[in-house]
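**Q** Heads up: the sequence shown at position 166 corresponds to 165 in numbering that gives the first Met the number 0, and the numbers run straight through without jumps.
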Amino acid sequence: MPLSMVDKMIRLNLMTFPRPLSVAQFIPALSTYSVEQPFSLEDFRDAVSYFFDENPLFSKCHLIERQFDSPEDFPISSFQGIVLDEYANYYDGFLLMSVTYKSDPSIQGIFTAFPMSMQDGYRCFRFQQALMSTMKTGEDQFRNAEMVAESELQAADLVQYLPVRKPSFDEGETVRDMPWTLRETIEPTLKIGPHLDMVKEEFLKRDCGNLLVMKNASYGSNLLYGNHLMYLFVPGEVVARSSGIQIRDYYNALALETEKSVAQLETPEEFAKAGSAVLPGIGAHPRRFGVNNYGDVSRYDGSDFRPEKGALVRYQWHMPYVVSRGAAAEGSGMHMTYTLNGKAFGFLTESR
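1) Please list the terminal residues of the continuous beta strand (DSSP E) segment that includes residue 112.
2) For residue 204, is the classification buried or exposed, using 16 other Cβ atoms within 10 angstroms of its Cβ as the cut-off for buried?
3) Taking residue 71 as the reference, give the member of 331, 2, 103 with the closest Cα.
4) What three-state label does DSSP hand residue 232 in the structure shown?
5) Let's see if you can read the secondary structure: which residues bound the beta strand (DSSP E) around residue 211?
6) Under 7 Å between the Cβ atoms of residue 87 and residue 25?
7) Grab the span of the beta strand (DSSP E) containing residue 194 for me, first residue to last.
8) Below 6 Å CB to CB, which residues in the same chain sit around residue 114 once its five sequence neighbours on both sides are set aside?
9) Starting from residue 120, trace the alpha helix (DSSP H) in both directions and tell me its first and last residue.
10) Any idea which residues DSSP pairs residue 159 with across the strands?
11) Quick one: what's residue 97 bridged to in DSSP?
12) Excluding five sequence neighbours on each side, which residues of the same chain lie with their C-beta closer than 7 Å to the C-beta of residue 46?
13) Counting along the chain, where does the beta strand (DSSP E) carrying residue 183 start and finish?
14) Does residue 295 come out as helix, strand or coil in the three-state DSSP assignment?
15) My output table needs one value for residue 8: the three-state DSSP class, helix, strand or coil.
16) For residue 240, which residues of its own chain have a beta-carbon under 8 Å away from its beta-carbon, when the five flanking residues on both sides are left out?
17) Following the continuous beta strand (DSSP E) through residue 333, name the residue where it begins and the one where it ends.
18) Does any CB atom of chain B fall closer than 7 Å to the CB of residue 67?
19) Looking at the structure shown, is residue 321 part of a helix, part of a strand, or coil, going by DSSP?
20) Tell me the DSSP bridge mates of residue 18?
21) Ordered along the chain, which non-local residues of its own chain (more than five positions away) have a Cβ less than 6 Å from that of residue 141?
22) Contact between the stretch 343–350 and the stretch 178–196 is defined here as three or more beta-carbon pairs at a separation below 8 Å; is this criterion met?
23) What number of angstroms, rounded off, separates the C-alpha of residue 299 from the C-alpha of residue 125?
24) Can you give me the C-alpha to C-alpha distance between residue 59 and residue 89, rounded to a whole angstrom?
25) Let me know if residue 190 comes out buried or exposed under the rule of 16 or more other beta-carbons within 10 Å of its beta-carbon.
26) So if DSSP puts residue 350 in a beta bridge, which residue, or which two residues, is it bridged to?
27) Please confirm whether residue 150 and residue 238 have their CB atoms less than 7 Å apart.
28) Out of 36, 108, 94, which has the shortest C-alpha to C-alpha gap to residue 69?
29) Which same chain residues end up closer than 6 Å to residue 18 when comparing Cβ atoms and leaving out the 5 residues on each side of it in sequence?
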């Protein structure tokens with residue numbers, strides 16, 4: 000059976016990031032919920048065990064729990080420090096952390112740090128919501144076997160694509176503070192055209208040279224693991240002369256061309272060659288403004304079953320250092336967003 004596009008995007012991204020795996024490649028993310036009462040670490044352990052069934056990428060995680068005085072004591076600026084301080088075995092699976100607060104026992108967080116080559120940010124979000132649903136129902140909400148069949152995933156040879164792991168930090172890998180800060184906003188929901196008009200305004204204000212759109216190649220797939228991202232560049236002159244809708248049409252056309260190119264890949268050698276060219280290709284486009292839009296994620300907010308036991312109120316994340324360090328350069332930046340129950344949550348980088 001030939002490889003599906005989902006198969007190929009996962010293999011391409013597994014070969015995109017530096018090998019061996021470094022701590023600078025992890026996506027830290029936090030979902031915050033209103034809860035009837037916090038779930039126990041045993042609840043977490045039982046629920047996450049379902050994620051490992053029929054899962055060729057992950058077979059274990061480092062599970063811990065931490066309590067902070069208040070949510071203000073666990074800001075997004077501290078996420079990378081958590082990875083360094085709490086995840087000594089960062090090379091072994093991923094970090095899963097139960098987060099509670101002394102000031103308010105009616106809220107609880109799920110914090111994760113996944114290696115980006117194996118799990119894109121959108122699927123970090125979907126993992127956290129499936130984990131909460133599994134804890135609430137006591138039943139498997141990951142449904143990996145079903146999703147593998149639906150995606151026609153062929154996993155028998157994936158082991159040869161997995162990143163090499165090493166049990167130590169190298170000098171220069173222990174970045175605790177990102178070279179930028181994130182300005183968080185909560186605004187009324189915008190359709191894609193007005194949203195990209197806003198992005199264009201920020202792009203021009205910063206005198207950026209290229210718009211980098213991080214687009215999911217497998218929105219139709221409910222598979223809850225893997226990196227499915229494409230990296231699409233819209234030249235500055237196209238951004239300047241285009242409306243938001245025209246910018247969308249431009250990068251959607253690029254996405255079709257990218258899919259055609261990926262469809263030609265077949266052998267491990269071809270995936271390795273194509274993957275090794277991705278990050279240098281991004282680096283060859285200076286003055287980048289990155290855009291990552293999850294769209295409307297309201298259907299995953301937990302309101303479908305026992306919302307009093309756990310309902311999503313906020314999601315926070317940032318791209319790993321290896322991808323986002325360039326966002327602090329002059330003429331650069333990054334904007335990430337998602338929509339939840341009529342509100343658009345935005346994260347815009349600003350240089351320190």
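All residues carry an ideal CB built from backbone N, CA and C; glycine is no exception.
**A** Reading from the atomic positions:
1) Per DSSP, residue 112 belongs to the beta strand (DSSP E) from 106–114.
2) Label assigned to residue 204: exposed.
3) Residue 71 has its Cα closest to that of 103, out of 331, 2, 103.
4) In this structure, residue 232 counts as strand in the three-state DSSP scheme.
5) Per DSSP, residue 211 belongs to the beta strand (DSSP E) from 209–215.
6) Result no, Cβ atoms of residue 87 and residue 25 do not sit closer than 7 Å.
7) Run containing residue 194: none in the beta strand (DSSP E); it sits in the alpha helix (DSSP H), 191–204.
8) Residues of the same chain with a CB within less than 6 Å of the CB of residue 114, apart from the 5 flanking positions on each side, are 20, 24, 25 in chain order.
9) For residue 120, the uninterrupted alpha helix (DSSP H) segment begins and ends at 120–136.
10) For residue 159, which the question treats as bridged, DSSP gives no partner whatsoever.
11) DSSP lists 64, 109 as partners of residue 97.
12) So the qualifying residues of the chain are 130, 133, 134.
13) From DSSP, the beta strand (DSSP E) with residue 183 extends over 179–187.
14) The answer is strand: DSSP assigns residue 295 an E or B state.
15) The answer is helix: DSSP assigns residue 8 an H, G or I state.
16) Listed in chain order, the non-local C-beta contacts of residue 240 below 8 Å within the same chain number zero, local neighbours out to five positions each way being set aside.
17) For residue 333, the enclosing beta strand (DSSP E) has its first and last residue at 332–339.
18) Absence of chain B from the displayed structure is noted, only one protein chain being present.
19) Here residue 321 sits in helix by DSSP.
20) Its beta-bridge partners do not exist; DSSP assigns none.
21) The residues 49, 50, 129, 223, in chain order, have a CB closer than 6 Å to that of residue 141 in the same chain once the five nearest residues on each side in sequence are set aside.
22) A contact exists between the stretch 343–350 and the stretch 178–196.
23) One C-alpha to the other measures close to 8 Å.
24) Computed Cα separation, rounded: 12 Å.
25) By the neighbour-count criterion, in which a residue is buried when 16 or more other Cβ atoms sit within 10 angstroms of its Cβ, residue 190 is exposed.
26) According to DSSP, which records beta bridges pairwise, residue 350 is partnered with 179.
27) It is not a contact, given that the beta carbons lie outside the stated cut-off.
28) With distances taken between Cα atoms, residue 69 lies closest to 108.
29) The answer, listed in chain order, is 162, 163.
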